[in-house]
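Enquirer:
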């Protein structure tokens, strides 16, 4: 029993390590050798925990996604259900320039996902879960009468999710163009345009 | 004179080659050695045309951006000014799943741009140019009375550009979710929501 717990915990530690190496040194540097060195163990030890590098990387991304949703739950917990929570969630997903935004890790995931179906599945599971969050907040806003019922909440959710992806890229590579005030303005504008929110 | 022409043409050939290697084999494979081998010349020859790998990669992305805007001009030429042209441009920017969408090349550009200011400048120049296109089509639509004048065309253009980035990621990694009919529906919906277009 303790052995299994240790095994699971060790996999998570290695996942965290892998994400940190990708984030700070770039995906090209995140070789098996580099990860083992960083963790202070031999390459052979990694074999006890992961089948191969693809298995390790897929697990690391899944771990990161889980962390990210835990942080999202914390970020929205203080906000009222409905539009306030939706606004908090969208703000959480577009971090300020310079915040550890994990974009290096996402670029690495996407690069891998182009060829590796296991990584593409991690992407799809993450986005499905993010859309479920958005859908829930939108529903709360309708139930509370903050917005009118939608013609298609699928379309609305997809547009809001697309806007967030685009803003995230904008904040990362054109930080001067997207100061906090402007990010808030664009999120508000998207909520007004897509949901008819005041 | 012919020598200068040859020099410029040779740089473009090497840029095209570099983009092709990144697109087909991934950025990790696009080493100086691999590019030289693909072009059938020695690594030393590359030194006549580019200062170093960063210089080559920045030029290759710039070349790709120029190509992309030439193709955009062709794609919108048949459409009437205004909303039809805007719709054509947005459709062009969200290619169908499986089309050579250059996403591998963009991921590689973004990955490099996180650390290399020259590459970040290529990104910013590209997006500034894309926004100028969007702004022009939106202005045409206003002039023709297809839509009402906008409160802030900067915000509208930024939201439309963000939607396209998000859809592009969606089409790439969740192709089943975004068939042609749905992509058109989401673009139409974005035009209606953001611009008030019918």
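Residue numbers (the working numbering), protein chains in the order written: chain A, 680 to 877; chain B, 680 to 877. The beta-carbon is built from N, C-alpha and C at its ideal position, and this holds for glycine as well.
(1) Count the other CB atoms, across all protein chains shown, that sit within 10 Å of the CB of residue 727 of chain A; report buried if there are 16 or more and exposed otherwise.
(2) So residue 693 of chain A packs on residue 718 of chain A, CB below 8 Å; how close in whole Å?
(3) So the alpha helix (DSSP H) residue 710 of chain B belongs to, where does it begin and stop?
(4) Under a three-way DSSP split, which group does residue 793 of chain A fall into?
(5) Taking the C-alpha atoms as reference points, what is the distance between residue 696 of chain B and residue 690 of chain B?
(6) Using beta-carbon positions only, say whether residue 798 of chain A and residue 740 of chain A come within less than 8 Å of one another.
(7) Please name the residue, chosen from B/767, B/760, B/746 and B/744, that lies closest to residue 754 of chain B on a Cα-to-Cα basis.
(8) I need the straight-line Cα distance from residue 730 of chain B to residue 711 of chain B, nearest angstrom please.
(9) Counting only the same chain and skipping the five closest in sequence on each side, list residues whose C-beta sits under 8 Å from that of residue 725 of chain B.
(10) Answer yes or no: does any C-beta atom of chain A fall closer than 8 Å to that of residue 806 of chain B?
(11) Taking the continuous alpha helix (DSSP H) assigned at residue 759 of chain A, which residues delimit it?
(12) Which of the residues in the region 766-795 of chain A, read from start to end, lie with their CB under 8 Å from any CB of chain B?
(13) Roughly how many angstroms lie between the CA atoms of residue 777 of chain B and residue 685 of chain A, to the nearest whole one?
(14) Can you tell me whether residue 880 of chain B is helix, strand or coil according to DSSP?
(15) Can you name the residues of chain A whose CB is closer than 7 Å to the CB of residue 848 of chain B?
(16) Based on Cα-Cα distance, which residue from B/745, B/811 and B/849 lies nearest to residue 889 of chain B?
(17) Consult DSSP for residue 730 of chain A and reduce its assignment to one of helix, strand or coil.
(18) Who are the neighbours of residue 707 of chain A on chain B, taking C-beta pairs under 7 Å?
(19) Under three-state DSSP, which class holds residue 773 of chain A?
(20) Specify the secondary structure class of residue 854 of chain B as computed by DSSP and reduced to three states.
(21) Cβ of residue 870 of chain B within 8 Å of Cβ of residue 765 of chain B?
(22) Relative to the alpha-carbon of residue 775 of chain B, which residue among B/865, B/866 and B/859 has its alpha-carbon at the smallest distance?
(23) In chain order, what residues of the same chain have a beta carbon less than 8 Å from the beta carbon of residue 843 of chain A, not counting five sequence neighbours either side?
(24) Could you list which residues in chain B have their beta carbon closer than 7 Å to that of residue 868 of chain A, in chain order?
Expert: This is what the structure gives:
(1) Exposed is the label assigned to residue 727 of chain A, since fewer than 16 other Cβ atoms lie within 10 Å of its Cβ.
(2) 6 Å
(3) Where residue 710 of chain B is concerned, there is no enclosing alpha helix (DSSP H), given that its DSSP letter is neither H nor E.
(4) Coil at residue 793 of chain A, not helix or strand.
(5) 10 Å
(6) Yes, these two residues count as a Cβ contact at 8 Å.
(7) B/767
(8) 12 Å
(9) 693, 711, 714, 715 and 735
(10) yes
(11) Here residue 759 of chain A belongs to no alpha helix (DSSP H), and DSSP marks it neither H nor E.
(12) 782, 783, 786, 787, 789, 790, 792, 793 and 794
(13) 43 Å
(14) An answer regarding residue 880 of chain B cannot be provided, because it is not within the stretch 680 to 877 covered by chain B.
(15) 844, listed in chain order.
(16) Coverage of chain B is limited to positions 680 through 877, which leaves residue 889 of chain B absent and any answer about it impossible.
(17) coil
(18) 707
(19) Three-state result, residue 773 of chain A: coil.
(20) helix
(21) yes
(22) Selected option, being the one with the closest Cα: B/859.
(23) 769, 772 and 773
(24) Listed along the chain, the chain B residues whose CB falls inside 7 Å of the CB of residue 868 of chain A are 834 and 838.
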